[in-house]
Each structure stands twice: as C-alpha cells, then as structure tokens.
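Peer 1:
Protein chains: 4
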Amino acid sequence: MAVAGNSDGRVERSKAAVLAETYRQLTLSGLGGVSVDEVARNSGVAKTTIYRHWPSRSALLIDACSRMGGPQPAPDTGSVRTDLLALATAVAEQLWTAAWPSVLPSIIDAAERDPDIADMFAQLHQGNMAPFREVVARGRERGELRPDTVVDDVVTAVMAPLFYRRWFAKERVDDAFVHATVDHAIRSAQQT
Amino acid sequence: MAVAGNSDGRVERSKAAVLAETYRQLTLSGLGGVSVDEVARNSGVAKTTIYRHWPSRSALLIDACSRMGGPQPAPDTGSVRTDLLALATAVAEQLWTAAWPSVLPSIIDAAERDPDIADMFAQLHQGNMAPFREVVARGRERGELRPDTVVDDVVTAVMAPLFYRRWFAKERVDDAFVHATVDHAIRSAQQT
Amino acid sequence: MAVAGNSDGRVERSKAAVLAETYRQLTLSGLGGVSVDEVARNSGVAKTTIYRHWPSRSALLIDACSRMGGPQPAPDTGSVRTDLLALATAVAEQLWTAAWPSVLPSIIDAAERDPDIADMFAQLHQGNMAPFREVVARGRERGELRPDTVVDDVVTAVMAPLFYRRWFAKERVDDAFVHATVDHAIRSAQQT
Amino acid sequence: MAVAGNSDGRVERSKAAVLAETYRQLTLSGLGGVSVDEVARNSGVAKTTIYRHWPSRSALLIDACSRMGGPQPAPDTGSVRTDLLALATAVAEQLWTAAWPSVLPSIIDAAERDPDIADMFAQLHQGNMAPFREVVARGRERGELRPDTVVDDVVTAVMAPLFYRRWFAKERVDDAFVHATVDHAIRSAQQT
DNA sequence: CAGTAAACGAGACGGTACGTCCCGTCTTATG
DNA sequence: CATAAGACGGGACGTACCGTCTCGTTTACTG
C-alpha cells in the first residue's frame, strides 16, 4: 500500500535540500532575500517541487524559520540567579555572533502584516523563551521569588534590554550589563 | 545672483507628493512593500522624476523614513518621574496606535545589511530618544538621580520593555506596566 | 526519450504571435519603429517570454526580417529573356505594392553598423536573388549567353535600375522600362 | 528697428554648433543614432535652444542632412564619355570612403514614412545628380547622343549599378566596372 | 546711459522603451 | 505519483531619450 508515501525517500530529500538552502539564504539576507528561483537553482530541486510541498513562498519561509534557534536546555543549579545568568549570557553571546538573530527583524516585520507568520513567530519565540520561564517558575516554587511573581514579567525584564541593545542601541552588551540586568530583574520579584 | 533659487516650486511639489505616497505605502507594507512604480502611479510624479531626486529606491526609503516620528518636545515638570511617565506613556500609546511603529522592524531588518540604512536608523532613533535623554540628564543635575547615572542606561530601562512587549510579546502594555517600568528604572539610578 | 520534444505547443504559439506582430510593426515603421513593449502588448505575449526566445531586440528583428520576402520559384521557359522578364516584372510589381520593400532601407541602414544584421541581409538578399541567378546560369549553359558571362553582373544589370527607381527616383517603373532593362542586360552578355 | 536681428551672432553660433555636432553623430550612427540630448551635451547648446531653432528632432535632422554632400562641379571636357567617367569615378570613390553615404540608407528609410524627409531627400539627390544631368544634356546637344535621349535614363544607367553594389552586393567596384557601366549607358543612348 | 527684448543655460517634468530579475502557475516527460 | 525542466504572464527595477515647461542670466539694440 505504502499509504503514507514516505517509503519513497525523495520527498524527504527534496524538503531537506530546500530547507537547507532556504536557511542559508535566510541567514545571509533575511526573509526578503530569499528567492524561490534561487533556492531551486542552488538546491537542485525544481521550483515545481517546491511549490508542491509549500503552497507559497511565505509558507516555505515560515517552515524554514520555525526550525531556527533550536531549544536551549534549561539549567538547574538550584539558584534562579545562576540559572538566569547562564541562560542570559548564552543568549547575549548568540545575539551578537550567531547567524539567526539577524533574521529576526525581518520575521517580526513580516509578522506585522501576515498573521500566519505572526503565529509562527509567537510559537518560535515561545520555544526560545521556554527555558527562561522554566527557570523562573522553579525559583518561584523554591521560594526565591515572591509567590505572586508573574513569570513573563521577569523574563521580559531579563530579555528586553538585551534585544534593545542588539537592535536599537548598537552597543554590544558585556558581562557586567548582563549581570546587572539579571540582578535587577530578580530584585523586582523579591521586593516586598 | 541667487543662483540656487528654489523659485520654481515644482521640485518641492514633486518631492512632497512622492514622500507622502512613499510614507503611505511604508505604513501599509513596510520598507519591502514600497514600489517605485507604484509610488509614481499614485503620486502623479513620473518615475523618471523620482530617480532624478533620489538616486535609488533605497535612498528614497531612507529619506522617507528619516522624516517619520516627529520629535516629541521634552516636558519639564521638575520631576524626573513625572517627565518620564509622560514621555513613556505617549510612546506606549503610539507604539500600539500610530502607523509608523509598524515600519520599524523592516527598517531594523534593512539596517542589518545596509550601512546607509543603519546610519539613518541610528539618527532617527537618536532623535526619538532625545527627549528621554534630556529629561534624565535634567533629573541627574537636579540631584534626583545619582551623579554617576549613565543616561542611556536609564533610557534603555524605560524603553526596552515597551519595545519588547510591542514586538516579542504581543500583549499591549497598560498604564500600570508603564508606571512599574518607569519606577523601576528610576529606582536603579537612585539606589546607593 | 524524445528529450527535445516540442510537444508543448506554447513555444511555437508564442514565437508565431511575436513574429507576426513584429512583422506588422516592421512594415508599418521599419526596424526602428519596432518596440518590444508594443510587440508584447499587441501579441499577448509577455515581454519576459519574448526575451526568453530572443536575446535582444536586435535578434528579434533579425529573425523577423529573415522570414520576409519568401523565395520566388525560378521559371524555366527555355528562354533567358522570358524567364528574366517574368522575374523582373514580379519584383517590380512587389517593389511598389508589397509591404516588405519599405523595410529594406532600415535593414540596410542597420547593416551599415551591425555586422549581424549585415549577415542576415546578405543571406536574405542572396535568397531573393537566387531565382535570377539560376535563370541566368541556365541561359549561359544553353548558349544563349556568352560562356564567360558573369552571372552576378547580369543580375545586377537587371535589378539595379529597379531598386534605383524605387528609392532614388520616386517614379514607378512600367513594363516598357522593365523590358528595356532586361533586353539591355541580356545584350551585354551576348555581344562579342 | 534691427528687424533682421542677425546682428546678434549668438543664433548663428548656436545653429552652427548644433548642426556640426548633429552631422558628427549622423555620420557615426545614421539618422537613428542622433540624440537631441547628446547633441545638446556635446555642442554646449542647451536643449531648449535647439528646440527653439528646430521644431522637432526630425526638422533638425532634415536641416543637417540637406547640407550633406556638397555639389560637385560638372566637368566639361567636350566628351560625354570622359565627363561621365570622371563623375562616376568620383562618386564610386566616395561611396566607399566618405562618411556621408553611410547615412543615406537611414534617410531613405525615414523618407519611406515621412513626406518632409522624402522631399528633403529628393532635393538632396537632385542636387547630387545635377552634374550628371548637365553633362548628359550637353552631350545630347553636341550630337554625341541621340536627340531623343532621356537624360534621366542615362543617369540611372550610370548610377544604379554603383548604388546597388554599395548596398546590395557588398563588393566594391573597381575602375573596370565603372568604365563598363559608363560605356554601357552611353551605348544605349547612341544605338539606333 | 538706463531700459527692454530676444537668445540663452540649466534643468525639472511626464512619458515610453529598454533588458533583467523575481513570483506563482502551467505543461510535459522521466523515474 | 514525485520529480526535473522549463514556458508563461505579470510586475518591478534603474536608465536613456523625447519634447515641454519654467526660470534667471547674458547680450545687444533702443530711447
């Protein structure tokens, strides 16, 4: 029967090749720099095939984007501060060195007008923030933070300055900045 | 003499019509959604003329963007907190209601690869933040903030959460959030 | 196999439509009056497609021109004079009534500067003169003309006055003129 | 009064500069290769001024063309044959070496559709042929040619082969060809 | 010698064409 | 039935030219 049709490995191979090339262009030039023709040329997969697997350029971009920035594991040192510091330092490092952050603005831009992309980005960001939320939640349960602490507010307090510095101020953050930010965020959730 | 004479108003009229239409498209679809042909069609200005005034589509976009978000006047109530609250509330309001914030991500995206656009954006953002910087500097001089306060850090502490909520979390901020953020930022600069 | 398969008739249809419209414009306004955009508009074939089949406007013109003035069959009445008269009369008729002769000057003009067009025109004219050459050659073999007759000289003697009258003198030739010209040409090749 | 207004030499100077540059472009690229903008650039005369003196590009071209190929003086050796030979040899020489013959096809092409250009060309050609007509007429008066000789037919018989060889056959004519052609033309007008 | 009118340069303007690149649809032949 | 190959219509890009226009300056003749 071969109902699922996965027996023929071609589909997987095509999709993989297309996504790989799409990802490559994505990191080079952002969402707007991805050309279906170019993807077809460089991946060796025919344009027809691409449009068979993804209904539109947009869908392909969504698919490729949603695989970006694989999930960090949440550290568990027993201290919110240490955990958050580890996570924040890693994110700060990536924000200025990895390829994928340069794609974020174009995704956010597209999300501004395309609900599907907005959904994808929400999920993507949700995934990326998961370790932060987990670490904060654990800290609250351990009593390090006030029981009425709103997890997202703490996460926001940690992440927002990093993103801001990456894209609005152009200055790269150093360890001191990350430390101060994390301390600041925690203190807010500890104060009476 | 009067060689440079602008007495022929055609240039002004053309430029104005083009910039207006460009701005319109900009707020509708971001940087990537602006088409020179479309601008020509809707503005009644010939494509040739557009290219006579701006050497490239990019230059036109830069010009149009740099006129966005006119400068807020800096309030001076005698209290940093009140001043910052007023400014932050206004910005928060605009972030979710005005047309131009939806263009920001596309600008930031373009800036990621185009140095000219990066420069324009730096200047634009500089301009938009000026009142904040002024208000904070005044507070520091009045002794409301520690003398070693770094102005930009305070501004970052106020703005970052607003931007983060606008584009990463999709939740609109309320007055309570703005208050908390401003208080938080000020407290950091007051603590011993 | 059949790799090259022309089974998809679209190419043929596109090419035909484009060439037809090009020919139409050609006869109306000469080489210089053919506009690719106009051809695209009137033929219903997209400009992109036109440039897919011809690398440049020039190539399209060359292609369209080289199909002009289909080959006359060479008559064979057994007499050079009768044969030549028939051919020359037909040419004279066409020179003043058909559409394509009006294109010749623009081709000759272009050939003055563009070697590709010069080649095309040489071949085109070669084709148009073929029946004349054949008829003269046969007459020489039959002994009607001296054995050392240079075929091209006879053809020139017949054609040159017709062309001259068409474009330099504006007077249309009549049968008497054609007769005199042909007789004259033949006599030159018969005299001792 | 100063009605004629020619006292101001600027008009003459402008016209001369424009015509010179036009002529230069004309011989380089034919009628179609003349660009008013380019003429303005290279002549130092403003486009406005050009259009002040000539109502259209076409008019400028007509003006420039009509000054081409200054009038040959008609030789008078006392023999039609010698006179014609001199003239024909000179023309043959020019056809392959001078600059202006390369413009003729584009003029003829334009004449095909533009009556004004047709008139200009008729007059131009008339002027160029004048010496030939004069020489033949004198020969007829002297009795060298039959009294019922049609002048234009003799001129045609001499010129047509030269033009034909220049533009249809690409082979340059030699002295022998010119001699044969002239002899041939004269003989036709002598025969009973 | 001041005033006027023509000629001029500089260049803005709307419009059409050029040839290229991309998008998303389509048609066909091959595995 | 997935695929490669590629034709197709459509839209945008940035450049060149055409002929019209507006403006301020120079030049020469006038009163």
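Residue numbers (the working numbering), protein chains in the order written: chain A, 10 to 201; chain B, 10 to 201; chain C, 10 to 201; chain D, 10 to 201. We put the beta carbon where it would ideally sit given N, CA and C, even for glycine.
Are there 16 or more other CB atoms within 10 angstroms of the CB of Pro156(B), so buried, or fewer, so exposed?
Peer 2: Exposed, by the Cβ-count rule.
Peer 1: Does the beta carbon of Ile117(D) sit closer than 8 Å to a beta carbon anywhere in chain C?
Peer 2: Yes, contact with chain C.
Peer 1: Expressed to the nearest angstrom, what Euclidean distance is found between the alpha-carbon atoms of Gly79(B) and Ala29(B)?
Peer 2: Distance between the alpha carbons of Gly79(B) and Ala29(B) is about 15 Å.
Peer 1: If you reduce the DSSP assignment to three classes, tell me which class Phe177(C) lands in.
Peer 2: In this structure, Phe177(C) counts as coil in the three-state DSSP scheme.
Peer 1: Would you say Tyr173(C) reaches chain D, if we count a Cβ-Cβ gap shorter than 8 Å as a contact?
Peer 2: Chain D, which has a Cβ nearer than 8 Å to the Cβ of Tyr173(C), makes this yes.
Peer 1: From the beta carbon of Met168(A), is the nearest beta carbon of chain B less than 8 Å away?
Peer 2: Closer than 8 Å: yes.
Peer 1: Going by Cα to Cα distance, which pick from Gly148(A), Ala97(A) and Ala107(A) is closest to Ala185(A)?
Peer 2: Looking at the Cα atoms, Ala97(A) is the closest of the given residues.
Peer 1: Who are the Cβ neighbours of Asp183(A) in its own chain at under 8 Å, not counting the five residues just before and after it?
Peer 2: No residues qualify anywhere along the chain.
Peer 1: Just the Cα atoms here: how many angstroms apart are Ser38(B) and Arg174(B)?
Peer 2: Going from the Cα of Ser38(B) to the Cα of Arg174(B) covers about 21 Å.
Peer 1: Taking the continuous alpha helix (DSSP H) assigned at Asn23(B), which residues delimit it?
Peer 2: As written in the sequence, residue 23(B) is Ser, which differs from the Asn given in the question. First-last of the alpha helix (DSSP H) with Ser23(B): Arg19 to Ser38.
Peer 1: Which of the three DSSP states, helix, strand or coil, is assigned to Thr98(A)?
Peer 2: Thr98(A) falls in the helix class under three-state DSSP.
Peer 1: Below 8 Å, can you find three or more Cβ-Cβ pairs linking the segment 52-68 of chain C to the segment 81-89 of chain C?
Peer 2: Output reads no: the segment 81-89 of chain C does not touch the segment 52-68 of chain C.
Peer 1: Consult DSSP for Leu154(B) and reduce its assignment to one of helix, strand or coil.
Peer 2: Leu154(B): coil per DSSP, three-state reduction.
Peer 1: Report the neighbours of Gly41(C) on chain D: residues whose CB is nearer than 7 Å to its CB, in chain order.
Peer 2: The contacting residues are Gly41.
Peer 1: Does the Cβ of Gln34(C) have 16 or more other Cβ atoms within 10 Å, making it buried, or fewer, making it exposed?
Peer 2: Classification for Gln34(C): buried.
Peer 1: Can you tell me whether Pro80(B) is helix, strand or coil according to DSSP?
Peer 2: Reduced to three states, the DSSP call for Pro80(B) is coil.
Peer 1: Using a C-beta to C-beta distance shorter than 7 Å, which residues of chain A count as neighbours of Ser197(B)?
Peer 2: The answer, in chain order, is His193.
Peer 1: With a 10 Å radius around its C-beta and 16 neighbouring C-beta atoms as the bar for buried, classify Arg19(C) as buried or exposed.
Peer 2: Its Cβ having fewer than 16 others within 10 Å, Arg19(C) is exposed.
Peer 1: Taking only beta-carbon atoms, is Ser165(C) less than 8 Å away from chain D?
Peer 2: Going by the sequence as given, residue 165(C) is Thr instead of Ser. Yes, its Cβ sits closer than 8 Å to a Cβ of chain D.
Peer 1: Are the C-beta atoms of Pro140(C) and some chain D residue less than 8 Å apart?
Peer 2: No, no contact with chain D.
Peer 1: So, under 8 Å CB-CB, His134(A) and Phe177(B) are touching, yes? Tell me the CB distance rounded to an integer number of Å.
Peer 2: So it is a contact: roughly 6 Å between Cβ atoms.
Peer 1: Beta-carbon within less than 7 Å of Val167(C)'s beta-carbon, same chain only, minus the 5 sequence neighbours each way: which residues are those?
Peer 2: The residues are Leu93, Ala97, Phe141, Thr190, Val191 and Ala194.
Peer 1: For Asp72(D) and Met129(C), I'd like the C-alpha separation in whole angstroms.
Peer 2: Spanning the two alpha carbons is a distance of roughly 32 Å.
Peer 1: Chain B partners of Pro80(A), CB-CB under 9 Å?
Peer 2: Ordered by position in chain B, no residue passes the 9 Å Cβ test against Pro80(A), which lies about 17 Å from the chain.
Peer 1: Determine, using beta carbons only, whether Leu165(C) and Ala198(C) come nearer to each other than 8 Å.
Peer 2: It should be pointed out that residue 165(C) corresponds to Thr in this sequence rather than to Leu. Going by C-beta atoms, Thr165(C) is not nearer than 8 Å to Ala198(C).
Peer 1: Alpha carbon to alpha carbon, what distance is there between Trp109(C) and Arg122(B)?
Peer 2: Going from the Cα of Arg122(B) to the Cα of Trp109(C) covers about 55 Å.
Peer 1: Does any residue of chain A have a CB that is nearer than 8 Å to the CB of Ala29(B)?
Peer 2: No, Ala29(B) lies away from the interface with chain A (no Cβ there is under 8 Å from its Cβ).
Peer 1: How long is the line joining the alpha carbons of Leu113(A) and Ile117(B), rounded to whole angstroms?
Peer 2: C-alpha separation (whole angstroms): 10 Å.
Peer 1: Would you verify that the beta carbon of Glu143(B) is, or is not, closer than 8 Å to some beta carbon of chain A?
Peer 2: No, Glu143(B) lies away from the interface with chain A (no Cβ there is under 8 Å from its Cβ).
Peer 1: Measuring straight from C-alpha to C-alpha, what distance separates Trp105(C) and Ala120(D)?
Peer 2: Those two C-alpha atoms are separated by around 15 Å.
Peer 1: I want to verify the contact list: residues of chain D whose CB lies under 8 Å from the CB of Lys179(C), in sequence order.
Peer 2: The contacting residues are Ala127 and Ala131.
Peer 1: Please go through the same chain and pick out, in chain order, the residues whose beta-carbon is closer than 8 Å to the beta-carbon of Leu70(B), but skip the five residues on each side of it.
Peer 2: So the qualifying residues of the chain are Thr31, Leu35, Leu40, Val43, Ala119 and Ile126.
Peer 1: For Asp85(B), would you say it is in contact with chain A, using Cβ-to-Cβ distances shorter than 8 Å as the test?
Peer 2: Judged by the 8 Å Cβ criterion, Asp85(B) is not in contact with chain A.
Peer 1: Nearest to His62(A) by CA position, among Val187(A), Val45(A) and Val145(A), is which residue?
Peer 2: Among Val187(A), Val45(A) and Val145(A), the Cα nearest to that of His62(A) belongs to Val45(A).
Peer 1: DSSP three-state call for Gln199(B): helix, strand or coil?
Peer 2: Coil, per DSSP.
Peer 1: Checking contacts by CB at 8 Å: is Trp176(B) closer than that to chain A?
Peer 2: For Trp176(B), the answer is yes, since a Cβ of chain A falls inside 8 Å of its Cβ.
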